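S.K.: Before I ask anything, here is the structure I am working with.
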Amino acid sequence: MSRDTARMLDDYRMMLLIRRFEERVERLFAEGLIHGTTHLCIGQEAVPVGISALLDRHDLTVSNHRGHGHFLARGADPSRLMAELLGRVTGYCKGKGGTQHLSGLEVGHLGSNGITAGGLPVAAGAAFSLKRLRPGSVAVAYFGDGAMGEGVWHETMNIASLWKLPLLFVCENNLYAMSTPVKRGISGKSLAVRAAAYDMQWTVADGNDVEAVRAAAADLLEDVRAGRGPAFLEAQTYRFRGHSKSDAREYRTREEEEKWLAKCPIRRQEAKLAAAGVGEDELERVRREVEERIEEAARFALDSDWPPVDEALRDLYA
Ligand SMILES: Cc1ncc(C[n+]2csc(CCOP(=O)(O)OP(=O)(O)O)c2C)c(N)n1
Ligand SMILES: [Mg+2]
């Protein structure tokens, strides 16, 4: 197998791991075993998988409310992540963070954030410290199209550009912010072109094609790592599920969904692998391996203890 094909297979495995993880979360939620809410990234897997392979352990990522895939793509342990979502003591944040307050510093992931655009200034701070302490390292901020309607998005773009921070802005444009279509929420003909006003390099990529994401991000990251300032990537994608758990998707048509389902990043990768000569038996082996890993994660989480009551106020910041 060539190096390129091995890379494609790795991407396939990671996208599938995220997909199966999210499907398992969906089931656990339906069974009442996950509390609160949860935002699934099913359909958007190619974005963090394309980018994470370009990062090393000193690079830092900051995520939003739809962040399980961002974390897994950095190499998070699915068992500890699942345990966190179930509120168990073996989770990444001892069961006290949950889906919107996840972090795993050991893989360079500073965390998810439930406040729309709230992760952006955190990412700017991380980039500022990297610029001083570890030149050559970068921060990556993931956010949605909806975040671009927030004032703090503009403030962060402004200061990142002025201070030439090593920060890659990654907009996952999935066409909706909850039920609001991007065209009704965000002015202008293009999201990415806004970056030009802040004197940044920008690119629009097919966010359902892992190789397209990687190629676009690699170009931008070369400049960011070299100290030439921040850059902006718009990855055009689609969430196959509703916004969160109570969403009947009345604001979009089934035809539109079908059109995007045909562009599923995982199915597209399977087609590319087949064209590169990877047989169905090899793909099946990867599928089984991933399914077993996710079942192991669910078992680990379900068998884990709840955090002890006397630790309820430990590790909390307010
Ligand atoms: C400051 C703030 N305003 C509103 C909300 C409620 N809210 C949660 S997610 C969301 C939409 C986010 O849309 P987008 O950034 O496009 O991300 P997506 O959900 O599409 O991935 C909103 C408005 C919030 N969490 N924080
Ligand atoms: Mg969106």
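Numbered continuously in my numbering, the sequence shown closes out at residue 586. Positions of the beta carbon are idealized from the N, C-alpha and C atoms, including for glycine. Source: prediction; values computed, not measured.
1. Using DSSP with H/G/I as helix, E/B as strand and the rest coil, what is HIS511?
2. Counting Cβ pairs closer than 8 Å, one from the stretch 496 to 515 and one from the stretch 432 to 450, do we hit at least three?
3. Should TYR444 be listed as close to ligand 3, given that the test is whether its C-beta is under 8 Å from any heavy atom?
4. I need the straight-line Cα distance from GLY386 to GLU548, nearest angstrom please.
5. Using only alpha-carbon positions, find the residue among HIS377, ALA580 and GLU490 that is nearest to GLY316.
6. Would you decide whether THR424 is buried or exposed? Buried here means 16 or more other CB atoms lie within 10 Å of its CB.
7. Around the Cβ of GLU352, are there at least 16 other Cβ atoms within 10 angstroms (buried) or fewer (exposed)?
8. Helix, strand or coil: which one does DSSP assign to GLU440?
9. Mind checking which residues open and close the alpha helix (DSSP H) that includes VAL315?
10. Could you tell me if the beta carbon of ASP413 falls within a distance shorter than 8 Å of some heavy atom in ligand 2?
11. How big is the Cα-Cα spacing for GLY412 and ALA391?
12. With 16 as the cutoff for other CB atoms within 10 Å, does ARG338 come out buried or exposed?
13. Go ahead and pull the three-state DSSP assignment for TRP421.
14. Alpha carbon to alpha carbon, how far is TYR519 from GLN504? Give it in angstroms, no decimals.
15. Just to confirm, is the Cβ distance from MET350 to PHE396 under 9 Å?
16. What number of angstroms, rounded off, separates the C-alpha of ILE319 from the C-alpha of ALA486?
17. With a threshold of 8 Å (Cβ to nearest heavy atom), would VAL438 be considered close to ligand 2?
18. Do VAL472 and ligand 2 come close, with the Cβ less than 8 Å from some heavy atom?
19. On the three-state DSSP scale, how would you describe ASP474?
20. Using a 10 Å radius around the Cβ and a threshold of 16 neighbouring Cβ atoms, would you call TYR585 buried or exposed?
21. Is ILE310 close to ligand 1? I mean its beta-carbon at under 8 Å from any heavy atom of the ligand.
22. Please list the terminal residues of the continuous beta strand (DSSP E) segment that includes HIS377.
23. Just to confirm, is the Cβ distance from LEU541 to MET276 under 9 Å?
24. Is VAL315 near ligand 2, judged by its Cβ being under 8 Å from some heavy atom?
25. Here's the rule I'm using: 16 or more other beta-carbon atoms within 10 Å means buried, otherwise exposed. How should MET416 be labelled?
26. From ARG588 to THR273, what distance separates their C-alpha atoms?
27. Between which two residues does the alpha helix (DSSP H) harbouring TYR280 extend?
28. Examine ligand 1 and report whether any of its heavy atoms sits within less than 8 Å of the Cβ of GLY379.
29. DSSP on ALA407, reduced to helix/strand/coil?
M.R.: By the coordinates alone:
1. Of the three classes helix, strand and coil, the one that applies to HIS511 here is coil, per DSSP.
2. The stretch 496 to 515 vs the stretch 432 to 450: in contact.
3. Looking for ligand 3 in the displayed structure turns up nothing; the ligands present are ligand 1 and ligand 2.
4. GLY386 and GLU548 have their C-alpha atoms spaced approximately 43 Å apart.
5. For the sequence presented, residue 316 should be read as Pro rather than Gly. It is HIS377 whose Cα lies nearest to the Cα of PRO316.
6. Here THR424 is buried: its Cβ has 16 or more other Cβ atoms, across all protein chains shown, within 10 Å.
7. So GLU352 counts as buried.
8. Reduced to three states, the DSSP call for GLU440 is strand.
9. Judged by DSSP secondary structure, VAL315 falls within the alpha helix (DSSP H) whose first and last residues are 314 to 320.
10. Flag set: Cβ of ASP413 near ligand 2.
11. The alpha-carbon atoms of GLY412 and ALA391 are separated by roughly 15 Å.
12. In the sequence under discussion, the amino acid at residue 338 is His, which differs from the Arg named in the question. Burial state of HIS338 is buried, judged by a 10 Å Cβ sphere holding 16 or more other Cβ atoms.
13. Helix.
14. Note on geometry: alpha-carbon atoms of GLN504 and TYR519 lie some 19 Å from one another.
15. Their beta carbons are not under 9 Å apart, which means MET350 does not touch PHE396 by this criterion.
16. Distance between the alpha carbons of ILE319 and ALA486: 8 Å.
17. No, since every heavy atom of ligand 2 falls outside the 8 Å radius drawn around the Cβ of VAL438.
18. Checking every heavy atom of ligand 2 against the Cβ of VAL472, none is found closer than 8 Å.
19. Reduced to three states, the DSSP call for ASP474 is strand.
20. Exposed, because fewer than 16 other Cβ atoms sit within 10 Å of the Cβ of TYR585.
21. Result no, Cβ not under 8 Å from ligand 1.
22. Residues 377 to 379.
23. Yes, these two residues count as a Cβ contact at 9 Å.
24. Proximity of the beta carbon of VAL315 to ligand 2 is not indicated: no heavy atom of the ligand is located closer than 8 Å.
25. With 16 or more other Cβ atoms within 10 Å, it is buried.
26. Past the boundaries of the shown model lies residue 588; the chain is included only from 269 to 586, so the question cannot be answered.
27. TYR280 -> alpha helix (DSSP H) spans 271 to 298.
28. No, since every heavy atom of ligand 1 falls outside the 8 Å radius drawn around the Cβ of GLY379.
29. When secondary structure is reduced to three states using DSSP, ALA407 falls in the strand class.
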